[in-house]
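J.: Please read through the structure below; I'll follow up with questions.
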Amino acid sequence: QKEVEQDPGPLSVPEGAIVSLNCTYSNSAFQYFMWYRQYSRKGPELLMYTYSSGNKEDGRFTAQVDKSSKYISLFIRDSQPSDSATYLCAMSRTGNNRKLIWGLGTSLAVNP
Amino acid sequence: DSGVTQTPKHLITATGQRVTLRCSPRSGDLSVYWYQQSLDQGLQFLIQYYNGEERAKGNILERFSAQQFPDLHSELNLSSLELGDSALYFCASSSRTGVYEQYFGPGTRLTVT
Chain A
1 QKEVEQDPGP LSVPEGAIVS LNCTYSNSAF QYFMWYRQYS RKGPELLMYT YSSGNKEDGR
61 FTAQVDKSSK YISLFIRDSQ PSDSATYLCA MSRTGNNRKL IWGLGTSLAV NP
Chain B
113 DSGVTQTPKH LITATGQRVT LRCSPRSGDL SVYWYQQSLD QGLQFLIQYY NGEERAKGNI
173 LERFSAQQFP DLHSELNLSS LELGDSALYF CASSSRTGVY EQYFGPGTRL TVT
């Protein structure tokens, strides 16, 4: 079993929809939770991060962490065609060597 | 533009050969990370350097090696290449060791024929 599981999709939604992207994990030592966005043929870029449990909002994006269920989510409100990309979750422990453990990524297409 | 540069963008080579991928981190960043991305395995962490020293190792094969030079650029050497080594190779940098905010380069697409 992988430490981080993420449904690769693809996920296809109409413009304006609310998108929910999710990851589950097995290691309870993870404390930092990140969402990266990767456009085709580009490197990933950090969208949001959260520490431990709770919610974090940034514009149309909301990240949620439920440590009791070992489940994290990224919500995108009022989705736009420019949101079409692959979304990767990543997690790490605390400490000096916070190696990131990555999900496979979910491919999202927002159709105009 | 993340500020991380990688060369070359594309590389096509034959099995058994050796190649070198190069990365220049963002100005001021001391940490460099190397990743391999393939369709079935996703993004796999290979190795991290901080200010010239190896800091963490991931799923890096013995045929692969890396180093970070005094000017902080890094090179990833891949030898005895196999078909399965075909992938995107990304370099990322961060300002400190072990942080989540990593800035990725555009990647090098390696095709082994």
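Those protein sequence lines, which keep their order, are chains A and B. Numbering-wise (the numbering used here), the first sequence opens with residue 1 and increments by one. Numbering-wise (the numbering used here), the second sequence opens with residue 113 and increments by one. Where is the CB? At the ideal position from N, CA and C, for every residue including glycine.
1) I'd like to know if M34 (chain A) contacts chain B, where contact means its C-beta is closer than 8 angstroms to some C-beta of that chain.
2) Chain B partners of G103 (chain A), CB-CB under 9 angstroms?
3) From L133 (chain B) to I101 (chain A), what does the alpha carbon distance come to, in whole angstroms?
4) Give me the Cβ distance between Q118 (chain B) and G219 (chain B), rounded to the nearest whole Å; I'm assuming they're in contact under 8 angstroms.
5) Report the three-state DSSP secondary structure of S107 (chain A) (helix, strand or coil).
6) Return yes when the Cβ of S92 (chain A) is within less than 8 angstroms of the Cβ of F30 (chain A), no when it is not.
7) Around the C-beta of P137 (chain B), are 16 or more other C-beta atoms found within 10 angstroms, so that it is buried, or is it exposed?
8) Do the CB positions of N163 (chain B) and A178 (chain B) come within less than 8 angstroms of each other?
9) Within the segment 47-76 of chain A, note down every full beta strand (DSSP E) run reaching 3 residues or more, in order along the chain.
10) Would you report the Cα separation of P182 (chain B) and L142 (chain B), rounded to the nearest angstrom?
11) Please check the pair G9 (chain A) and T106 (chain A), which I expect to be a contact at CB under 8 angstroms, by giving their CB distance rounded to whole angstroms.
12) If we cut at 8 angstroms on Cβ distances, does K70 (chain A) have a partner in chain B?
13) Going by beta carbon distance, what residues of the same chain come within less than 6 angstroms of Q129 (chain A), once the five residues before and after it are set aside?
14) Which residues of chain B have a Cβ atom closer than 8 angstroms to the Cβ of Y39 (chain A), listed in chain order?
15) Would you verify that the beta carbon of L21 (chain A) is, or is not, closer than 8 angstroms to some beta carbon of chain B?
16) Curious, which full-length beta strand (DSSP E) runs of at least 3 residues does the segment 117-148 of chain B contain?
17) Could you check which residue in A:T94, A:Y71 and A:R77 has the C-alpha nearest to that of D58 (chain A)?
18) How many Å lie between S191 (chain B) and T62 (chain A) at the Cα?
19) Residues in the same chain with beta-carbon distance under 8 angstroms from S198 (chain B), minus the five sequence neighbours each way, listed in chain order, please.
20) Is it buried or exposed, A126 (chain B), if we count other Cβ atoms within 10 angstroms and call 16 or more buried?
21) I'd like to know whether the C-beta atoms of Y65 (chain B) and Q148 (chain B) end up nearer to each other than 8 angstroms.
T.: Short version:
1) On the first sequence, position 34 is the one that residue 34 (chain A) refers to. Put simply, the CB of M34 (chain A) is near chain B, with a gap under 8 angstroms to one of its CB atoms.
2) Residue 103 (chain A) sits at position 103 when you count from the first residue of the first sequence. The contacting residues are G154 and L155.
3) As a working mapping, residue 133 (chain B) is identified with position 21 in the second sequence. As a working mapping, residue 101 (chain A) is identified with position 101 in the first sequence. When rounded, the separation of the alpha-carbon atoms in L133 (chain B) and I101 (chain A) is 23 angstroms.
4) Counted from its first residue, the second sequence places residue 118 (chain B) at position 6. Counted from its first residue, the second sequence places residue 219 (chain B) at position 107. The Cβ separation is near 6 angstroms, so the contact holds.
5) Within the first sequence, residue 107 (chain A) is the residue found at index 107, counting from 1. Three-state DSSP puts S107 (chain A) in a strand.
6) If you number the first sequence from 1, residue 30 (chain A) lands on position 30. If you number the first sequence from 1, residue 92 (chain A) lands on position 92. For F30 (chain A) and S92 (chain A), yes; Cβs fall inside 8 angstroms.
7) The sequence position of residue 137 (chain B) within the second sequence is 25, counting from 1. Looking at its Cβ environment, which holds 16 or more other Cβ atoms inside 10 Å, P137 (chain B) is buried.
8) As a first step, residue 163 (chain B) is located in the second sequence; it is residue number 51 there, counting from the start. As a first step, residue 178 (chain B) is located in the second sequence; it is residue number 66 there, counting from the start. For the pair N163 (chain B) and A178 (chain B), the CB atoms are not nearer than the 8 angstroms cut-off.
9) As for any beta strand (DSSP E) of minimum length 3 sitting wholly inside the segment 47-76 of chain A, the runs are 54-58, 61-66 and 71-76, ordered along the chain.
10) As a first step, residue 182 (chain B) must be located in the second sequence, where it is residue number 70. As a first step, residue 142 (chain B) must be located in the second sequence, where it is residue number 30. Using only the alpha carbons, I get a separation of about 10 angstroms.
11) For the purposes of this step, residue 9 (chain A) is taken as residue 9 along the first sequence, with counting starting at 1. For the purposes of this step, residue 106 (chain A) is taken as residue 106 along the first sequence, with counting starting at 1. Right, the Cβ-Cβ distance comes to about 5 angstroms (below 8 angstroms), so this counts as a contact.
12) Along the first sequence, one-based indexing puts residue 70 (chain A) at 70. Interface annotation, K70 (chain A): not in contact with chain B, CB-CB separation never under 8 angstroms.
13) The structure shown does not extend to residue 129 (chain A), since chain A is modelled only from 1 through 112, so no value can be given for it.
14) By 1-based counting over the first sequence, the position of residue 39 (chain A) is 39. Those within 8 angstroms of Y39 (chain A) in chain B number zero; the least Cβ separation is about 11 angstroms.
15) What you label residue 21 (chain A) is simply residue 21 of the first sequence in a count that begins at 1. Not an interface residue.
16) Runs of the beta strand (DSSP E) inside the segment 117-148 of chain B: 117-119, 122-125 and 131-136.
17) The residue you call residue 58 (chain A) lines up with position 58 of the first sequence. Ranked by Cα distance from D58 (chain A), the first of A:T94, A:Y71 and A:R77 is A:R77.
18) Translated into the one-based positions of the second sequence, residue 191 (chain B) becomes position 79. Translated into the one-based positions of the first sequence, residue 62 (chain A) becomes position 62. For the pair S191 (chain B) and T62 (chain A), the Cα-to-Cα distance works out to about 43 angstroms.
19) Here residue 198 (chain B) is taken as the residue at index 86 of the second sequence, counted from 1. So the qualifying residues of the chain are S150, L222, T223 and V224.
20) Within the second sequence, residue 126 (chain B) is the residue found at index 14, counting from 1. Under this definition A126 (chain B) is an exposed residue.
21) With chain B covering only 113 through 225, there is no way to say anything about residue 65 (chain B).
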